[in-house]
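Just below is one structure, and these are the notes that go with it.
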Amino acid sequence: KVCIMTLTQSKSKVNRDSVRVKRIESETDELRFIEPQFNVNRVININKTELSEDSQKFMVPIKVGSVTINFEVDTGSPVTLINQHDFNKLQYPSPLKTTNVLFRVYTEQTFAPLGVIQVPIEYGNTKSVEELYVVPAPYAAIVGRVWLRRLGIVDIKNAPTNKISHLATSNSETLKNEIMQSFYDVFEQKVGCVPNFACSLRVKDNHMAPLFMKSRQIPYALQEKVEAELDLMEQNGLIEKTDYSEWGSPLVCVPKPDGNVRLCIDYKMTINPHLQNARYPIPLIDDVLNSLRGSAIFCILDIHKAYQHLLVDKESQKLQTISTHRGTYKMKRLAFGIKTAPNEFQKFIDTALQGLEGVVSYFDDIVVHANSLQECYNRLVKCLNRLRSLNLHLNPSKCTLFAKKIKYLGHVVSAEGIQKTPEKVEAILNAPRPKNVQELRSLIGCVSYYSKFMPKIAGIMRPLYQLLRIGTTFKWTAPCESAFLKIKQEISSNRVLIKYDPKLPLILATDASPVGLSAVLSHIYEGEERPIAFASRALTKSEENYSQLDKEATAIYWGFQKFYTYIYGRKFTLVTDNKPLSHIFGASNCLPTITASRLIRYSMFLSGFDYTIKHRKSEDHANADYLSRAPLPNPKPESTDEDSEVFNIIVSHLISDPITFRTIQLETDNDPGLKELKRNLSHNKTATTEFSLHDNVIFRGPRVMIPNSLQRYVLNELHSTHQGIVKMKALARRYCYWKKIDHDIECLVKSCKACCDVKPNPPKVPLHKWEPPKENWQRIHMDFAGPFQGNYFFIVVDAYSKWPEIIPSKSAPTSASTVMMLQEIFSRNGLPQILVSDNATIFKSREFKDFCNRNGIQQRFIAPGHPATNGQAERFVQILKTKLKAMNEDQGTLHQKLYEILLRYRATPLLSSDKTPAEIFLNRNLCTRLDLLKMRYPTKNLINDSIVTAKLRLGERVQSRNYSSSTLWKYGTVVQILGNLHYLIELDDGYVIKRHIDQLRKTQVPRNEHVPNVSEPSVSQDKTVHMQPNTQQGKNPEPIPILPLPLPEPTNSELQADQQQHPPLSVGESPNLLPNTNQPDDRSSRPVTPVKSESTSTAVPPETRQPSTRIKRPVIRMNL
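Mapping of the sequence shown onto our numbering: position 524 corresponds to residue 508, and the numbering continues sequentially without gaps.
Here's what the structure looks like:
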């Protein structure tokens, strides 16, 4: 009740021509809403405050956010409303959410709110967060029943609700409206998500290889709708995009009568065969029906997209992955088509509704039942509250509330009890009498099928048998009619029919004729097939144009729908007399790549059932055959299926001025090949599944078969705007087809001069690779780069090792200068066999050719305008320019930069191999500054180790060859061993010098006690050594310092060899450099002074040279 207006009608006679208003208690213009057929005595505005005190409004202040607003109490409204003006005063930061809820006022007028928002509310000491609907002005703010209960404003719990509600809601229609308003969110058609619950799918073999099937082609007419549906599913959290998946089941789109599409998933060939069977039992229909006995009021609730309310775990999401034309999506909810989905959902719904009295469920159909209307209402409220807590939503169009008789699970349930639905035998009882011999034979075949269960049937059938005699005119007589009626009674009697028993094997047999469809549900009882129910119907006008294959498939699809409650969730056998369909609809068979869209849609529906298919010969299929030839009238003879809508869209895209749908129909009949194909499709003489019939037009999958006479027109239509071959083929694959259509498209485009005139260059062929050279410098590539940075760069690259040579030049290159540069390079690397270059004049001149001929070099030239053939040199030109640009700010000359570039490039490993150009070209790598980062280990000279020489020990007295003066020898002590042949000697005069073993002799001359007037030599801690070189041209000797680098330490092998040949001296003989505290030494008390520099050194007086007394040894040569 929102802003309503009451009109009080006078008891006087209605005057249709005039309106007499006696009193108006409002200043508004309500009169414009008053129709002229009323005599209005008074207009009362319900929203206005009346003069009487008893008519004052019930107002309550409620704090919304931080603002207190006065609301009018309205127990007739389930929701709370506020106008936009008052809502703006709240200054609430969150935006409004859109909603699809409409409000109906008392006068049946409807209006839409602006949106809904969750707001914190407070009344007294009670706080809550509730929904607030914002409506346009000038509606007043009202508080509904939800807020009244949640805030405790009205104490309804303590009121005598049962008595009041019984008096106020004795009408079932009133109760219906009350339920729909109070639980509007539950009856909203959307997919919720059950909290704290997830299903888990298990495969039989955890080590099996995953299966992935690529996506199916989506008809062009439905592609946009399919993508919109995928986006909506992703937005609602049903699917999630994934970049990679090992599992994949193809998406199949099914058109709906309202123009939208239904997305299905084909799990038949991927995950279903490998899933472990769910062991949760399905409720028995008899048990469900028996629980309804004794009740008088019933409610049926249908859960909207029931399976999709249940989450699956992450591993199960991967198993349910969908492959689409837009990639792969993980299915996050339980999908229809999964083999174990019925058992999984039944297990969930049984647990969810546990403890609710008078509530039973069979999959997604819930029944609430009770003896009285009030009791049923109370039970329904509890059930809906349970569904609301689980976030389950219902489909209101399939729900029935407070009915006294319902049709449930193939039975009629009422207060009188449970009865079989008349539809079970209606197909037999209402079957029309035969009109010719063929229909009579079909009837007799059906009777013979069940004759073993009908005693004395031969006597009843005698009048009918007489009509089959040769020469007898078919005339339906009274005995024939009597026999016909008795036969129908016998077949529908309990002697033939059997009660449905879920423990017995179940069979569904279907058939189709040119006039109707039929289905028979049967049990195998004591080895015989006993019928449970019969069904038949006539074909619609559009179905009459189907091919026979499509008619048979439609019979199967319709039979599954007809007996859904008996076969869903149970294992059964499908029997058909059409052999191609036994392969197409086989549970383990994949649909062919090109299949009629109608068969794809049927197959997707059947994939949700657990069945095996069996082929039966037509002569053994008499029970279903008769019903299809004597069907009941179709209540919707003009209805069309979903595929017809798609076909009409496809044909409409092909219609142009010379081509219409009627033209395609006529030319199909005039085309000999298509006419024969059409005849075969109509009479089931072809087993192909590619073709189907729609209004006498042949379709191959979703594509129209174009007759030969119209192919030229369709080609021109496809070539409109001069589309290319690829575009035309893509467009044709969505709309039309004929043999060799791709060839015709290619010929048309290639012969179109307008298209040829604007063709681009042909696509580039794969890069031709040179024959790999077998050795270094066998084939070289050369080119000039520049002018660049004021220079020309002559570049030569070896094809085998990628070794580059660069020579810069300030002047432009000529043949003579190029020859000189090559001679310089060849002087280092030798002559090549092949020289590759472009077609520059300097390379093709007589001078350059003579140079190549003289040196036996073969010239190879690339194709003009195709530099990629000389890729070796061209690539290095790019490298050189890039590096020089990058080093533009670096210090150094151009030559220094070139040297650095060449060094680094030659020492860098190639991508094609793990070796550097230097290692390939020189068989060794080049040393760079980066090699200083590595530890260098001295190599042992094996040749010198084999030479027998005299060995000196540390501290041993020696005489050293002197070259600084005329004195031939100086005496000193060995202070350090440098390898096998070199030693550091501390002379008695204080100098430390390095000498070869050939310059030393052992001696026993003691140290001279006389200390010269020079500073004592010393060896500093950083081992900086000063040596006295030879005198030159009579100059005074100068100490030459060795660079302050660490002195090389003897290797372990050298030290071990020295210790073996020369054992350490005794303590008395050890001349350690450091003071020895155990042995007095006059040097230990002397201060250590640095070596004298040139300014402080004392000149040594010249001495007379004496001939050498060294023993000459024979020369030892290397034995190579």
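Built from N, CA and C at the ideal position, the CB exists for glycine as well. Since the structure is predicted, the reported quantities are computational estimates derived from the model, not experimental observations.
Selected residue, minimal CA-CA separation from residue i, among the options
| i | options | result |
| --- | --- | --- |
| TYR784 | GLN807, VAL803, SER801 and LEU819 | LEU819 |
| LYS786 | GLU903, PRO848 and CYS720 | GLU903 |
| ILE709 | THR457, TYR697, VAL733 and LYS724 | VAL733 |
| LEU235 | GLU213, CYS731, SER799 and LYS555 | GLU213 |
| PRO439 | PHE332, GLN856, SER477 and ALA800 | SER477 |
| HIS567 | TYR550, ALA519 and ILE597 | ILE597 |
| LEU295 | LEU882, ILE648 and ALA325 | ALA325 |
| LEU488 | ARG363, ILE475, ARG453 and ARG554 | ARG554 |
| LEU533 | PHE645, LEU658 and ARG663 | ARG663 |
| GLY394 | TYR449, LYS546, ARG514 and LYS302 | LYS546 |
| ASN369 | SER166, GLY342, ARG453 and ASN379 | SER166 |
| THR110 | SER795, SER381 and TRP131 | TRP131 |
| ARG133 | ILE101, ALA124 and SER112 | SER112 |
| VAL803 | ASP834, GLU423 and ARG600 | ASP834 |
| LEU159 | ASP58, THR384 and CYS177 | THR384 |
| ILE333 | HIS605, ARG945, HIS293 and LEU962 | HIS293 |
| MET315 | ILE223, VAL365, LYS753 and TYR883 | ILE223 |
| ASP561 | PHE569, ARG582, SER602 and TYR530 | SER602 |
For residue j and residue i, believed in contact at Cβ under 8 Å, the rounded distance
| i | j | result |
| --- | --- | --- |
| LYS472 | LEU413 | 6 Å |
| ASN374 | ALA336 | For the sequence presented, residue 374 should be read as Leu rather than Asn. Yes, they are in contact, since the Cβ atoms of LEU374 and ALA336 sit about 6 Å apart, within 8 Å. |
| SER520 | ALA442 | Actually they do not touch by this definition, with Cβ atoms about 26 Å apart. |
| ASN618 | ALA537 | In fact, because the Cβ distance is near 17 Å, the residues do not count as touching under 8 Å. |
| LYS470 | ILE444 | 5 Å |
Cβ neighbours of residue i in the same chain (closer than 8 Å, five flanking residues each side left out)
| i | result |
| --- | --- |
| GLN875 | none |
| VAL989 | ARG941, GLN943 and TYR955 |
| HIS150 | Because the pLDDT at HIS150 is just 39, under 50, the model does not fix this residue reliably, and the value given afterwards should be weighed accordingly. Result list for HIS150: GLN358, in chain order. |
| VAL1186 | Residue 1186 is absent from the model: the chain starts at -15 and stops at 1104. |
| THR52 | PRO45 and ILE46 |
| PRO144 | At PRO144, the pLDDT of 42 sits below 50, so the modelled position is not reliable; the number obtained from the coordinates is stated separately. Answer for PRO144: no residue qualifies. |
| LEU887 | LEU910 and THR912 |
| LYS188 | HIS258, LEU259 and GLN260 |
| ALA319 | ILE249, TYR251, TYR291, GLN292, GLN304 and ALA325 |
| GLU114 | THR64, GLN102, VAL103, ILE105, VAL130, TRP131 and ARG134 |
| GLY401 | ARG277 |
Residues of its chain near residue i, where Cβ-Cβ distance is below 7 Å and the 5 sequence neighbours each way are ignored
| i | result |
| --- | --- |
| LEU1049 | Note that LEU1049 scores 41 on pLDDT, short of 50, meaning its location in the model is unreliable; the coordinates nonetheless yield the value given after this. The residues are ARG937 and GLY939. |
| SER275 | VAL344 |
| ASP354 | The sequence shown places Ala at residue 354, not Asp. Cβ within range, chain order: SER279, ILE281, GLY342, CYS360 and ARG363. |
| TYR484 | ILE269, ILE516 and TYR550 |
| VAL245 | LEU206, LYS209, VAL210, GLU213, CYS237, VAL238 and PRO239 |
Own chain residues within Cβ distance below 6 Å of residue i, not counting five before or after
| i | result |
| --- | --- |
| TRP542 | LEU501 |
| PRO757 | ARG763, ALA783 and TYR784 |
| GLY1052 | Bear in mind that a pLDDT of 39 at GLY1052, under 50, signals an unreliable position, so the model cannot answer this. |
| GLN843 | LEU819 and CYS836 |
| LYS382 | ASP286 |
| LYS1019 | Here LYS1019 scores only 43 on pLDDT, less than 50, and its place in the model is too uncertain to base an answer on. |
| MET805 | PHE778 and ILE791 |
* Minimum length 3: unbroken beta strand (DSSP E) runs contained in the segment 725 to 809 -> Fully enclosed beta strand (DSSP E) runs of 3 or longer: 763 to 772, 775 to 782 and 788 to 793.
* Any 3 or more C-beta pairs closer than 8 Å across the segment 167 to 187 and the segment 197 to 211 -> The answer is no - the segment 197 to 211 does not touch the segment 167 to 187, with fewer than three Cβ pairs under 8 Å.
* **the segment 677 to 688 contacting the segment 708 to 720, beta-carbon criterion three pairs below 8 Å** => Yes, they touch.
* Asked: Which whole runs of the beta strand (DSSP E) in the segment 262 to 316 are 3 residues long or more, in chain order?
  -> Counting only runs of 3 or more residues that sit fully inside the segment 262 to 316, the beta strand (DSSP E) segments are 281 to 286, 306 to 308 and 311 to 315, in chain order.
* Would you say the segment 453 to 466 touches the segment 486 to 502, given that touching needs at least three Cβ pairs under 8 Å? -> No contact exists between the segment 453 to 466 and the segment 486 to 502.
* What runs of the alpha helix (DSSP H), each 4 residues or longer, lie entirely inside the segment 487 to 525? -> With a minimum length of 4 residues, no continuous alpha helix (DSSP H) run stays inside the segment 487 to 525.
* Asked: At a cut of 8 Å, does the segment 210 to 230 reach the segment 258 to 273 through at least three beta carbon pairs?
  -> Flag = no, the segment 210 to 230 and the segment 258 to 273 do not touch.
* To do: Inspect the CB distances between the segment 275 to 295 and the segment 246 to 262 and report whether three or more fall short of 8 Å.
  => Here the segment 275 to 295 makes no contact with the segment 246 to 262; the two share fewer than three CB pairs at distances below 8 Å.
* the segment 350 to 364 / the segment 249 to 258 touching (three or more Cβ pairs under 8 Å) -> The answer is no - the segment 249 to 258 does not touch the segment 350 to 364, with fewer than three Cβ pairs under 8 Å.
* To do: Could you tell me whether the segment 825 to 832 touches the segment 853 to 862, where touching means 3 or more Cβ pairs closer than 8 Å?
  => Not touching, per the Cβ criterion.
* Contiguous beta strand (DSSP E) assignments of at least 3 residues, all confined to the segment 56 to 124 -> The DSSP assignment places complete beta strand (DSSP E) segments of no fewer than 3 residues inside the segment 56 to 124 at 65 to 67, 99 to 107 and 110 to 119, in order along the chain.
* Complete alpha helix (DSSP H) runs within the segment 204 to 230 (minimum length 4 residues, chain order) -> Here the runs fully enclosed are 204 to 219.
* Asked: Where in the segment 956 to 1000 do unbroken runs of the alpha helix (DSSP H), each at least 4 residues long, occur, reported from the N-terminal end onward?
  -> Qualifying alpha helix (DSSP H) stretches: none in this window.
* Asked: Which whole runs of the beta strand (DSSP E) in the segment 687 to 721 are 3 residues long or more, in chain order?
  -> Qualifying beta strand (DSSP E) stretches, in chain order: 687 to 689.
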